[in-house]
Amino acid sequence: FAYFYGKPRWAPAKSLTYAFSPNHVISYVSSSDIEAIFHRAFSRWSAVIPVNFTKAKDYSSADIKIGFYKGDHGDGEPFDGVLGVLAHAFSPENGRFHLDAAETWAVDFESDKSKVAVDLESVATHEIGHVLGLAHSSVKEAVMYPSLSPRTKKVDLKMDDVEGVQALYGSNPNFKYSSLQSENSYNH
Amino acid sequence: RILPDPAVTVLTATANVSPNAAWHDFTKFLDAGKGSQLVGMSELKKYFHRFGYLPVPDTTNFTDLFDKQFESALTLYQSKLSLPVTGKLDSDTISAITSPRCGVSDAGLRMPAAKLHTTRR
């Protein structure tokens with residue numbers, strides 16, 4: 001695992017709010033599906049650190065602001081269309097979380113047959129890692145590895161992800177290493 | 001002036017929506033090594049610069065030469081992404097470069113945009 005320069009973190013980080021931009025959305029995935037996906041993605045991180053994530057009613061005051069943007073969207077890092085760069089997020093305590101609206105975001109590969117479909121939950125889980133202060137990992141299996149192939153799902157935090165984020169925020173008292181998948185236990 | 005064939009126009013439009021066209025073009029550098037001078041290598045250098053492996057060049061633009069500095073950047077990239085460290089644009093490396101990825105730099109640093117565009121009055 002790795003951190004951003006200066007090892008920034010949210011402080012205090014006990015409870016963070018998130019919200020979806022009302023203006024920067026995609027129409028082909030229902031808002032309920034998107035909310036469920038992000039709820040699961042945030043839950044994975046909150047299971048390992050003592051931080052709660054709750055959906056805010058007011059977008060402008062949320063700690064973490066999520067939106068789907070196309071091309072040049074004003075932050076100096078324009079998106080590049082289908083595939084290439086999928087998303088980016090800012091280090092603590094900025095909270096901006098941007099997804100490339102040009103991607104074919106998939107909720108379920110069974111129903112989405114596109115060759116360029118990208119798993120929204122995998123990318124959401126990765127970008128939340130950045131929002132929390134993790135940079136890219138060299139561990140290929142880790143969620144924080146920088147690349148993700150189309151039609152690939154990688155949502156389970158690996159030991160590398162867990163150790164990195166717990167060094168920033170401490171451990172959730174209810175977290176047990178045995179709760180990670182057997183593959184992770186083997187690696188550990 | 002010869003007007004473009006309408007059929008060609010349609011094909012061009014199709015090409016514009018093909019995935020990851022700019023990065024896919026990097027496959028032409030397969031097996032290139034130090035000393036190679038290849039048209040478009042500067043674009044690959046921009047990719048490495050964007051993701052934190054190459055500093056801004058001393059001259060105005062990146063060149064198309066596979067030079068020592070690029071080799072160092074490539075080695076660093078291979079090491080960072082847990083690829084075989086060969087210093088060459090082998091198939092594993094080209095495959096990694098052309099894979100879809102997160103836009104955050106691998107160097108870790110990402111400053112809030114507002115701070116990058118501060119104007120002094």
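Protein sequence lines, in the order shown, are assigned to chains A and B.
Anchor point for the first sequence: position 109 equals 109 in this note's numbering, and the numbering is continuous, going up by one each time.
Anchor point for the second sequence: position 92 equals 92 in this note's numbering, and the numbering is continuous, going up by one each time.
Beta carbons are placed, not taken as given, at the ideal position from N, Cα and C, and that holds for glycine.
query                                                                                                                                                          : result
Can the beta-carbon of G67 of chain A be found less than 9 Å from the beta-carbon of F97 of chain A?                                                           : yes
Reducing DSSP to helix, strand and coil, say where I34 of chain A ends up.                                                                                     : helix
So I66 of chain A is in the beta strand (DSSP E); what residue range does that whole segment cover?                                                            : I64 to Y69
Which stretch, first to last residue, makes up the beta strand (DSSP E) that contains Y18 of chain A?                                                          : S15 to F20
If you compare alpha carbons, which of A:S137, A:D161, A:P8 and A:V155 is closest to L83 of chain B?                                                           : A:S137
If you draw a straight line from the alpha carbon of D67 of chain B to that of V123 of chain A, how long is it in whole angstroms?                             : 35 Å
Please tell me whether G84 of chain A has its Cβ less than 9 Å away from any Cβ of chain B.                                                                    : yes
Around the Cβ of L54 of chain B, are there at least 16 other Cβ atoms within 10 angstroms (buried) or fewer (exposed)?                                         : buried
Under a Cβ-count criterion, where at least 16 other Cβ atoms within 10 Å of its own Cβ denotes burial, should V143 of chain A be classed as buried or exposed? : buried
Counting contacts by CB-CB distance shorter than 9 Å, is A15 of chain B in contact with chain A?                                                               : Annotation note: pLDDT 36 at A15 of chain B (below 50); position unreliable, coordinate value reported separately. It does not: the Cβ of A15 of chain B has no partner Cβ on chain A nearer than 9 Å.
Where do the ends of the alpha helix (DSSP H) carrying D128 of chain B lie?                                                                                    : What is shown of chain B runs 1 to 121, which leaves residue 128 of chain B out entirely.
Can you confirm whether L74 of chain B, when its beta carbon is compared against all beta carbons of chain A, has any partner nearer than 9 Å?                 : no
May I have the straight-line CA-CA distance separating W45 of chain A from S31 of chain A, to the nearest angstrom?                                            : 22 Å
For a contact meaning CB atoms closer than 7 Å, what does S147 of chain A contact in chain B?                                                                  : A96, S99, P100 and R101
Using a Cβ-Cβ distance under 9 Å, would L44 of chain B count as near chain A?                                                                                  : no
If we ignore side chains and look at the alpha-carbon of each, how far apart do E43 of chain B and H73 of chain A end up?                                      : 22 Å
Between K65 of chain A and G103 of chain B, what straight-line distance do the alpha-carbon atoms span, to the nearest angstrom?                               : 17 Å
Please state if the CB of F51 of chain B and the CB of P146 of chain A are separated by a distance shorter than 9 Å.                                           : yes
Could you tell me which residues DSSP pairs with N52 of chain A in its beta bridges?                                                                           : A:S15
So, does the CB of E35 of chain A fall closer than 9 Å to a CB anywhere in chain B?                                                                            : no
Mind reading off the beta-carbon distance from V116 of chain A to D100 of chain A? Whole number of angstroms is fine, and I expect it under 8 Å.               : Not a contact, Cβ separation roughly 12 Å.
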